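Residue numbers (the working numbering), protein chains in the order written: chain L, 1 to 131; chain B, 132 to 262; chain Z, 263 to 393; chain U, 394 to 524. Where a beta carbon is used, it is the ideal one built from N, C-alpha and C, also for glycine. Model, not experiment: these values are computed from the prediction.
4 protein chains.
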Amino acid sequence: MLFHVDPGNGHPIYDQIARQLKFAVASQAIRAGDLVPSVREMAQHLAVNPNTVARAYRDLQVDGVLEPLRGEGLRVTREAPDRCRLQRRQLLGDRLKAAILECRRGGLSPDEVRDLINHVLAETASSETLP
Amino acid sequence: MLFHVDPGNGHPIYDQIARQLKFAVASQAIRAGDLVPSVREMAQHLAVNPNTVARAYRDLQVDGVLEPLRGEGLRVTREAPDRCRLQRRQLLGDRLKAAILECRRGGLSPDEVRDLINHVLAETASSETLP
Amino acid sequence: MLFHVDPGNGHPIYDQIARQLKFAVASQAIRAGDLVPSVREMAQHLAVNPNTVARAYRDLQVDGVLEPLRGEGLRVTREAPDRCRLQRRQLLGDRLKAAILECRRGGLSPDEVRDLINHVLAETASSETLP
Amino acid sequence: MLFHVDPGNGHPIYDQIARQLKFAVASQAIRAGDLVPSVREMAQHLAVNPNTVARAYRDLQVDGVLEPLRGEGLRVTREAPDRCRLQRRQLLGDRLKAAILECRRGGLSPDEVRDLINHVLAETASSETLP
DNA sequence: GTGGTCTAGACCACG
DNA sequence: GTGGTCTAGACCACC
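(1) Chain B partners of PHE23/L, CB-CB under 7 Å?
(2) For LEU69/L, which three-state DSSP category applies?
(3) Comparing alpha-carbon positions, which option in PRO274/Z, GLY295/Z, THR314/Z and ARG302/Z lies nearest LEU328/Z?
(4) DSSP state of ARG347/Z, grouped into three classes?
(5) If you reduce the DSSP assignment to three classes, tell me which class ARG340/Z lands in.
(6) Kindly indicate which residue of ARG95/L, ASN49/L, ARG105/L and VAL120/L has the alpha-carbon position closest to the one of HIS250/B.
(7) Could you pull the start and end residues of the alpha helix (DSSP H) that ARG433/U belongs to?
(8) How many Å lie between GLN175/B and PRO181/B at the Cα?
(9) Cβ closer than 9 Å: which chain Z residues qualify as neighbours of GLY71/L?
(10) For GLU72/L, which residues in the same chain have their Cβ closer than 8 Å to its Cβ, ignoring the five residues on either side in sequence?
(11) If you count every other CB in all the chains shown that lies within 10 Å of the CB of GLU102/L, and 16 or more means buried, which is it?
(12) Kindly indicate which residue of VAL156/B, ARG171/B and VAL179/B has the alpha-carbon position closest to the one of HIS135/B.
(13) Measuring CB to CB, does ARG293/Z end up less than 8 Å from VAL338/Z?
(14) Going by beta carbon distance, what residues of the same chain come within less than 8 Å of VAL375/Z, once the five residues before and after it are set aside?
(15) Give the DSSP bridge partners of LEU96/L, in chain order.
(16) Quick check: the Cα distance between LEU74/L and ARG58/L, rounded to an integer number of angstroms?
(17) Terminal residues of the continuous alpha helix (DSSP H) containing GLN421/U?
(18) Please classify ALA342/Z: is it buried, with 16 or more other beta-carbons within 10 angstroms of its beta-carbon, or exposed?
(19) Could you please give the first and the last residue of the uninterrupted alpha helix (DSSP H) stretch that includes ASN444/U?
(20) Per DSSP, TYR297/Z forms a beta bridge with which residues?
(21) With a CB to CB cut of under 8 Å and the five nearest residues on each side skipped, what residues in its chain are close to GLY195/B?
(22) From the DSSP output, in three-state form, read off PRO110/L for me.
(23) Under a CB-based cut-off of 8 Å, is GLY486/U close to chain Z?
(24) Considering only residues of the same chain and omitting the five flanking positions on each side of GLN147/B, which have a CB-CB separation below 6 Å?
(25) Within 8 Å (strictly less), CB to CB, does SER431/U reach chain Z?
(26) DSSP on ASN9/L, reduced to helix/strand/coil?
(27) Cβ closer than 7 Å: which chain L residues qualify as neighbours of PRO269/Z?
(28) Excluding sequence positions up to five away, which residues of its chain have a Cβ less than 6 Å from the Cβ of GLU41/L?
(29) Can you tell me whether ALA518/U is buried or exposed? The criterion is at least 16 other CB atoms within 10 Å of its CB, across all chains shown.
(30) What does THR124/L reach in chain B if we use C-beta pairs closer than 7 Å?
(31) Any beta carbon of chain U sitting closer than 8 Å to that of VAL382/Z?
(32) Grab me the residues of VAL53/L's own chain with a C-beta within less than 6 Å of its C-beta, minus the 5 sequence neighbours each way, in chain order.
(33) Show which residues of chain Z have a CB atom less than 8 Å away from the CB atom of LEU509/U.
(34) Cβ of ARG88/L within 8 Å of Cβ of GLY237/B?
(35) Along chain Z, in chain order, which residues have C-beta atoms closer than 7 Å to that of ALA337/U?
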């Protein structure tokens, strides 16, 4: 499990957890039918309150990514992989789109935007810490 | 003034205002020495609580972008254009970087990230509403 | 045995089992003196954890519906049929009453409640799957 | 405000709150555009923890019944009345249907079910405590 | 003032 | 063991 949570990056922790779990399913790091780590396990792993993990797991149930296995834990649904792949594109695309739109509205020309993106890509490609 | 504020996009309104004003200065839509609209005017224009505008203007004074002109209002400082141009690159770059990093951590390969970016660029380039 | 258990309908599985067994006794589908299926059999039949069936059987013993027959299993008591007929009316009536009361409290007039009931009766009367 | 909550009736408190608020909107006791009581007010009114109310309000936002008015509170959405009227029928109908189906599966004939319903209706019609 | 998040810890139902 | 609910209380951002 290579989950990593950063409090104070502006995004609620439960949201970071839910997103990362979706991405993990999309990447097939977690598969349909798998049991996700128990609330308590995950909470300890992330050094976070169990309630926070529970909230993330609850949201994932609402999204149809997890389903309860009474007394057993929570399981990745059959439909989850497809949904998560779609959502990954959607969620990441939305965030990129918002950033790019703000560039344009901020007065950067399309060329300047491309330059800035390339600059950032170069930065992130190099020695960045990646999970 | 073609400011546009979107409550519920996750970013605080006062921050949206401050950023947009910086960008306007960077783009020379507003110039050093110009008076900015009064808090009341701006608040009415944006259909926003005056306190929110006041907060944005306060932050901009702290950043040295605005300075009070006794009895007249707030004026764009002499140093603002340079500062705003630098900050624009920084602020927008940071947001792009965060989005791109999340793509990578979310399991997308560099190529997939480029594809997604190009897809988004195509979307935004076309008939998007731009200020 | 035409028991049917639905996890995730809000009611605990052991309760569904106990109720259905009581109803079966009330309907004389099971009679005084009959042996009920073993915990293992029933658990396999319902695709349910044996502990869950055991819990239901335990509750039924407390209610005086089942009694142990040393080395043989569990037997329906002599008093069970009468008790179950009474309890059936009570249990089902309670649930109906709760539902109807919520309708009234939810702002439906007595007439609207009757209409809604008739509508539901029509639905359930037709092609519903009944045991 | 005639909300009433009963812990230990099997249904989570936050759910009771959310349902009752939907019903209140359906009955036009609360109207589109109205501000609902603040989390703290409602919590005190119901003698319940504010977090519990917050959870109910959050669920109602997910359902599109409430929307945040930043710094002001939560407002009933424009679409809420229609949605709530539909949902009221759905939610109450589901509960009635479940109760009636259990009667039938429990071995009661259609006539016996009608008799039982009439008996319960007579009970509830009389001196029952209604809000 | 408002709602939102997070933590801490208790209790319960279920399997 | 599992998740779910509820309470209590702190802290924050926003308006």
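According to the structure data:
(1) Working through the first sequence from its first residue, we reach residue 23/L at position 23. Ordered by position in chain B, the residues that pass the 7 Å Cβ test against PHE23/L are GLY237 and GLY238.
(2) Position 69 of the first sequence, counting from 1, holds the residue named residue 69/L. It is a strand residue.
(3) For the purposes of this step, residue 328/Z is taken as residue 66 along the third sequence, with counting starting at 1. That would be GLY295/Z, whose Cα lies nearest to the Cα of LEU328/Z.
(4) Taking the third sequence and counting its residues from 1, the one referred to as residue 347/Z is at position 85. Helix at ARG347/Z.
(5) Reading the third sequence from its first residue, position 78 is the one you call residue 340/Z. Coil at ARG340/Z, not helix or strand.
(6) Reading the second sequence from its first residue, position 119 is the one you call residue 250/B. Ranking the options by Cα distance to HIS250/B, first place goes to ARG95/L.
(7) Here the question's residue 433/U lines up with position 40 in the fourth sequence. Start and end: 432 to 439.
(8) To locate residue 175/B, count along the second sequence from 1; it is residue 44. To locate residue 181/B, count along the second sequence from 1; it is residue 50. Cα to Cα, the separation comes out at about 8 Å.
(9) Here residue 71/L corresponds to residue number 71 of the first sequence, with the count starting at 1. Chain Z residues near GLY71/L: ASN311, ASN313 and THR314.
(10) Along the first sequence, one-based indexing puts residue 72/L at 72. Same-chain partners within the cutoff: LEU35.
(11) Taking the first residue of the first sequence as 1, we reach residue 102/L at position 102. Buried, by the Cβ-count rule.
(12) By one-based count along the second sequence, residue 135/B stands at place 4. Comparing Cα positions, the closest option is VAL179/B.
(13) As a position in the third sequence, residue 293/Z is number 31, starting the count at 1. As a position in the third sequence, residue 338/Z is number 76, starting the count at 1. In contact: ARG293/Z and VAL338/Z (Cβ atoms closer than 8 Å).
(14) Walking along the third sequence from the start, residue 375/Z turns up at place 113. Contacts found: ILE362, CYS365 and ARG366.
(15) Counted from its first residue, the first sequence places residue 96/L at position 96. Beta-bridge pairing links LEU96/L to no other residue.
(16) Locating residue 74/L in the first sequence gives position 74, where the first residue counts as 1. Locating residue 58/L in the first sequence gives position 58, where the first residue counts as 1. Rounded to whole angstroms, LEU74/L to ARG58/L spans 10 Å at the Cα level.
(17) For the purposes of this step, residue 421/U is identified with residue 28 of the fourth sequence, where counting begins at 1. GLN421/U -> no alpha helix (DSSP H), and no H or E assigned at all.
(18) Translated into the one-based positions of the third sequence, residue 342/Z becomes position 80. Burial call: buried.
(19) Locating residue 444/U in the fourth sequence gives position 51, counting from the first residue. Element bounds for ASN444/U: 443 to 455.
(20) For this step, residue 297/Z is matched to residue 35 along the third sequence. The question names Tyr, yet the displayed sequence has Leu at residue 297/Z. Answer by DSSP bridge pairing, in chain order: ARG337/Z.
(21) In the second sequence, residue 195/B corresponds to position 64, counting from 1. These residues qualify, in order along the chain: THR208, GLU210, ALA211 and ARG214.
(22) In the first sequence, the residue the question calls residue 110/L occupies position 110. Here PRO110/L sits in helix by DSSP.
(23) Position 93 of the fourth sequence, counted from the start, is the residue given in the question as residue 486/U. Chain Z contact via Cβ: present.
(24) Residue mapping note: residue 147/B aligns to position 16 of the second sequence, counting from 1. Only VAL136 meet the Cβ criterion.
(25) The residue you call residue 431/U lines up with position 38 of the fourth sequence. Not an interface residue.
(26) Against the first sequence, residue 9/L aligns to sequence position 9. In this structure, ASN9/L counts as coil in the three-state DSSP scheme.
(27) For the purposes of this step, residue 269/Z is taken as the residue at position 7 of the third sequence. The contacting residues are ARG70.
(28) Within the first sequence, numbered from 1, the residue matching residue 41/L stands at position 41. No residues qualify anywhere along the chain.
(29) For the purposes of this step, residue 518/U is taken as the residue at position 125 of the fourth sequence. Per the 10 Å Cβ criterion, exposed.
(30) Against the first sequence, residue 124/L aligns to sequence position 124. Correct list: LYS228, ILE231, LEU232 and ARG235.
(31) Looking up residue 382/Z in the third sequence gives position 120. VAL382/Z counts as touching chain U.
(32) In the first sequence, the residue the question calls residue 53/L occupies position 53. Taken in chain order, the residues that qualify are VAL39, MET42 and ALA43.
(33) In the fourth sequence, residue 509/U corresponds to position 116, counting from 1. Ordered by position in chain Z, the residues that pass the 8 Å Cβ test against LEU509/U are ARG351, LEU354, GLY355 and LEU358.
(34) Sequence index remark: in the first sequence, residue 88/L carries index 88 (1-based). Sequence index remark: in the second sequence, residue 237/B carries index 106 (1-based). Their beta carbons are under 8 Å apart, which means ARG88/L touches GLY237/B by this criterion.
(35) Only positions 394 to 524 of chain U appear in this structure, which leaves residue 337/U out of reach.
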